[in-house]
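Residue numbers (the numbering used here): 144 to 312.
Using N, Cα and C, we set each Cβ at its ideal position, and we do this for glycine too.
Working notes, structure below.
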Amino acid sequence: MKRIIKLSILSCFIFIVGYLIYQIVEQLQQKKETLQFTQTLQPFKILNVHGDRQLLDFASGRKMIFFFFNTECDHCQAEAKLIRRELRQLKKTNIYFISTESIETIRAFGKTYDLLVTSNVTLGQIDGKEVFEKFGVNTFPMAFIYSEDGKLLKKYTGEVKIEAITKYL
C-alpha cells in the first residue's frame, strides 16, 4: 500500500514538473513570435470605428504610432488628451488608437477626446487574443512607434510624455 502511495506521489510530481516545463517552453516560444512580429511590423487588420476592416501596414510611407488602450484607464485617457493637444506636432505621423472593447465604446472615446476630426488618427478594435499574441500587450496603455519602413523604433509601457514620443518622429 505504501508503495502505491509513493508511486502515485512520484507520478503526480513528474506530471506537474513536466507540465510546468511545457508551459515555460510555450511562453518562451510566444515571446519569440511576439518579438519577431513587433520588430518589423507585419500587416494586420482592425475594425475601424466606421465598421470597416482596415489593413494596417507601413505602405503609407509615414511613421506610425500604435496606442493600445482601454477607455476606463486613466493613463489612457491622459494619453488621448496629450495626443489631441499635440496633433500639430504629429501631423506627419499616422496614429492608431486600438482597443479590444466594442466599436461603440471606442467611438465614444474618440468623440470624448476629439480624436475623430483628423485624417491621421484612426481608432479601431482588435481581438484581445490577437493583441496579446502579436504585440504582447497585457497592460494599458502601451505604445509602439514604427519607422516609415515598418521597423520598431520604440516601445513604451505606461503613459508617455510627448517629448519622448516626438524624439522618435
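If you draw a straight line from the C-alpha of residue i to the C-alpha of residue j, how long is it?
i, j, result
"G301", "Y165", "31 Å"
"R250", "I148", "60 Å"
"F209", "I152", "49 Å"
"Y289", "D195", "23 Å"
"T255", "F212", "14 Å"
"A307", "L163", "39 Å"
"N263", "V168", "40 Å"
Near residue i, what residues of its chain come up, given a Cβ to Cβ distance below 7 Å and the 5 sequence neighbours on each side ignored?
i, result
"L198", "P186, K188"
"D292", "F201"
Can you name, in chain order, every residue of its own chain whose Cβ lies under 6 Å from the Cβ of residue i, other than the five neighbours on each side?
i, result
"Y239", "F209, T265"
"C216", "F283"
Per DSSP, which residues does residue i bridge with? Please list them.
i, result
"A286", "F210, Y299"
"R196", "L190"
"I122", "Nothing in the structure corresponds to residue 122, since the chain is present only between 144 and 312."
"T236", "K206"
Report the CB separation of residue i from residue j in whole angstroms; it is logged as a contact under 8 Å.
i, j, result
"L258", "A223", "6 Å"
"E273", "Q173", "Not quite, the Cβ-Cβ distance comes to about 13 Å (not below 8 Å), so this is no contact."
"V192", "G253", "6 Å"
For residue i, which residues of its own chain have a beta-carbon under 8 Å away from its beta-carbon, when the five flanking residues on both sides are left out?
i, result
"L296", "K206, I288, Y289, S290, Y311"
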